[in-house]
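In my numbering, the protein residues as written are 332 to 923. Glycine included, every Cβ here is placed at the ideal spot set by N, Cα and C. Okay, so here's the structure we're looking at.
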Amino acid sequence: MPPTIPTEPIYISNFSIGLWSNRSPFSLPGGNPSALLDGLNCEITPQHTIKRRAGYNSLLTATLSGGEVAQRFFSFRQLDDVLRLVVDATNTLKAIDIAAETITTFYTPSTASTPFSFAPVGSMLYFANGKTGEEQKWDGTNQTRWGIVAPTDTPTTAQTAGTLTAARGYEYRFVYKNTSTGHISTASTASACTNPFTSKTITVTGNFGSDGQVDQIEVYRNADGGGIFFKLGTVTNPGSGTWDFVDQIEDSALGTLKAPLAGLNDPPTDAIDNVVFHVGRMWGSVDNIVYYSGGGEILNGVPEEAWSALNFFNFPGKVTALFPFAVGLLVFTESDLFVIRGIDQTSFFAMPWQKRLGIGSNRAIAGTEDRAFIFTTERELLSIAPEEIREVGLPISDRLAAIAPSSVELTLHRDEATDNNLYVSDGNSFFYKMALVDEVWSPRANIIGGLRTLGSVETSAGNFDLLLGRATTILKRSTTVFTDNGTAYAMNMSFGSFVIAPPAQLREIELIILERSSGNTDYSVGVRLNEVGLEYKLLLDKVDDPPLLGSSETARSLRYFVRQMARHLQVQLSLPAEDNGTQLYSLTLVVK
C-alpha cells in the first residue's frame, strides 16, 4: 500500500509482520513499519520481539562414522513403550541411544543409499528407499526382509504303509514362516495328486527356505478330493537341504487356517518407496504405480507384509510422495495431485484433486492429517487443509525461488505451546522458519558447518527435539544456546523503507532509539538515506536514553544520532558473533 507520511515519531514495539522481502522497498505490508526487509540469523519470537536465532548443540558425544551424512531422522514408540530413534546415515541405518551415548548400525544397504522412508506398525518399523532388495523391517533387535518370498519349488510325496485312506486323493502345498512375527509366505504350487489309496502314510518333501528369517515350514493339504488347502502341520526349517513331513492326519483333524494362494501374501514389490501407513494398510509406490498391502482380509499372516499384486492404482506420472490426509491418501507426481479415497478394498478409488500441484520428492511435504505444507515444483509454498489450499510463502517467495524443488526439505516442529514452526531448508546450508500460529516468517538462518536434514523426533517420553543432521555430527535445536556446535554466528536485520516526506521534500532524521534486553554488545546501527541498495552507513554517535538517567540493567535503551536530511531511509541493526540471545524490544525513528 502507499506509504503513510509520519507526523509523529515512528515507534515499533510489536514485530508481528516478520520478514516480508517480496515487495517494493517503498511498500510496507499493511502499512506496518515493523516488517523486516531482510535479515540473517535472527528470528521473530512468540512474543513478537526479535532475537538471535536459536543455536544447535550436540545431541550426544557419539558421532557418525567418517564419510557418513545424516539425511533423515525418525522415531517410533513400540508396544512395550520403548522409544526407538533412528538416523539414516547415507550408507547405514543406525539406532541412537541418547542415554547410553551410542550410535549403532542395524542395517547396511547393499546398494548406493538414497533416503529411506519409514512406517511403523505396532513394534515393527518398515522401511524402503526405492532400490531393489532394500525393502526391510526392524523390531529394535532383529532386522529382516519385509515379507517372505513364496517357495519356488513344488513339494513331492511318497507313500508307505500306514493308516490313511483317500477315495479321490490328496494334494499338498507349503509356506515359509517367521515364527517371531507370525508371517507366512504365499503357498507353493500344489503337489501332484496322490490319487486314491488305502492304508498309507504320505511323506511330503520340499526344499528348505534360504531367507534367514524363515525358521519354520507349514504344510497344507486339501480334504479328500477338495479344493481348499488347510493347515496340516509344521516342521523346522532345516536351513539347508530338504525337509520331510509325515502325514497320517485324517480330514476331520485338519486345521481351520487356509493357505494363502495366488500371491496373496507376497512381499512388497521390488524397489518400492514412499511407504506410509493409511486406513489400516501399508502403501508405497514404484514409478507411476501405487501399491497397498493387505488388511482385514489377511487371516493367515501379517497384513503389513502381504502385498497382493492385484492391489494397485496407476497414475499418469511418476509418484514422488504419498501422504495420509483427512480426505484420503494424497498422491503427488511432479506435476499434479491426486487422492485415493475409501477405507477398504471394496471402496478404494483414485481421482485427480489439483492440477499443477506437484512436488519433487517426499521431503517437500510436512504436516499432519488435517493440515499439510508442500513446496511445489513451481516453487510455491502452500498450506493444504481439507477445506482449502492457499499460499503461505508469498511474503518471501523471492527467497524461496532460489531453493531447488529437488533438494528442498520441509519440517514441522512443535516444541512448546507457543513455539510451533515450519522449517523450509535448501538441504545444504540454510533454512527459513515460519511460525504456525500467525504465519510470520523469520529471516534466513545460515548454519555454520551446513545441514543436510532437519527432523522433529521424540527423543524422550513426550519430548520432541528438532535434530539437525549433516556429516559426522548430530545436533539439536536449543533456545538457550546461540552457537552452532560451539561456533558463534553474527546476526542482522533490516527495516524500511521509511518514507518520511512526500516527493520533492526532505525532513530531518534526528534519532534512532533502540530498546533491548541486557547483553554484552550494543547493536551496530546503519542507515541508507534515500537509497534502497548500497552499503549501510554506520551511526557512531550514541548515548543512553534518556541521557541523564543512566543505563538500565534489564531493558537497555540507546539513542543513535542521525541528524541528516532525507525523504526515505532503510535501517539495519547488527550484532557480532557471540553466544548471546539479546532481544530487540522496540525501535523508534524520531524525525523533525
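Query: In DSSP terms, what Q490 is bridged to; Result: I533
Query: Own chain partners of I559 with C-beta closer than 7 Å, once the 5 adjacent residues on each side are dropped; Result: N553, K589
Query: Selected residue, minimal CA-CA separation from A735, among V506, D757, L753, L495; Result: D757
Query: Beta-carbon proximity list for G272, same chain, < 6 Å, skipping 5 on both sides; Result: The shown model of the chain, from 332 to 923, leaves out residue 272, and the question about it has no answer.
Query: Three-pair Cβ contact test at 8 Å for the segment 424-435 versus the segment 562-572; Result: no
Query: Straight-line Cα distance separating G615 from I778; Result: 33 Å
Query: Whole-angstrom distance between F458 and V633, CA atom to CA atom; Result: 16 Å
Query: Limits of the alpha helix (DSSP H) - the one that D729 falls within; Result: 728-731
Query: Exposed unless 16 or more other CB atoms sit within 10 angstroms - verdict on A840; Result: For the sequence presented, residue 840 should be read as Ile rather than Ala. Counting Cβ neighbours within 10 Å, I840 comes out buried, since at least 16 surround it.
Query: Other residues of its chain near A602: CB distance less than 7 Å, five sequence neighbours each side excluded; Result: G461, K462, T463, V617
Query: Integer Cβ distance of G594 from A640, believed to fall under 8 Å; Result: 5 Å
Query: Runs of alpha helix (DSSP H) lying entirely within the segment 744-769, each at least 4 residues, in chain order; Result: none
Query: Anticipated Cβ contact below 8 Å, E740 with T784, distance rounded; Result: 6 Å
Query: Test item: CB-CB of R801 and V400 under 8 Å; Result: yes
Query: Residues near R702 by beta carbon distance below 8 Å, same chain, minus five either side; Result: S714, I715, A716
Query: Helix, strand or coil at R384 according to DSSP, with G and I counted as helix; Result: coil
Query: S583 (DSSP reduced to helix, strand or coil); Result: helix
Query: CA-to-CA distance, A681 to T924, given in whole angstroms; Result: The requested residue 924 is not part of the displayed model; the chain covers only 332 to 923.
Query: Segment limits, beta strand (DSSP E) that includes E841; Result: 838-848
Query: Rounded C-alpha distance that separates T651 from N693; Result: 6 Å
Query: Cα-Cα separation, D604 to V658; Result: 22 Å
Query: Rounded Cβ spacing between D300 and T536 (contact assumed at less than 8 Å); Result: Here the chain has residues from 332 to 923 only, and residue 300 is not among them.
Query: Nearest-angstrom beta carbon gap, F656 and V662 [assumed within contact, 8 Å]; Result: Going by Cβ atoms, the distance from V662 to F656 rounds to 10 Å, so no, they are not a contact pair.
Query: Sufficient close CB pairs (3 or more, under 8 Å) joining the segment 880-894 to the segment 805-815; Result: no
Query: Residue from T487, Y916, Q544, T525 whose Cα sits closest to the Cα of S511; Result: Q544
Query: Host beta strand (DSSP E) of I715 (start-end); Result: 712-716
Query: Delimiting residues of the beta strand (DSSP E) encompassing N823; Result: 822-830
Query: E789: first and last residue of the uninterrupted beta strand (DSSP E) it sits in; Result: 784-791
Query: Coarse secondary structure for A652, derived from DSSP in three states; Result: strand
Query: Distance CB(S516)-CB(A481) smaller than 8 Å; Result: yes
Query: Given D729 as reference, the closest of H744, S352, N509, P774 once Cα atoms are compared; Result: S352
Query: T708 vs G724 beta-carbon contact at 8 Å; Result: no
Query: Any beta strand (DSSP E) of 3 or more consecutive residues that is wholly inside the segment 789-816; Result: 794-800, 805-809
Query: CA-to-CA distance, I844 to V921, given in whole angstroms; Result: 8 Å
Query: Among F706, I479, T790, F528, the one whose alpha carbon lies nearest that of A498; Result: F528
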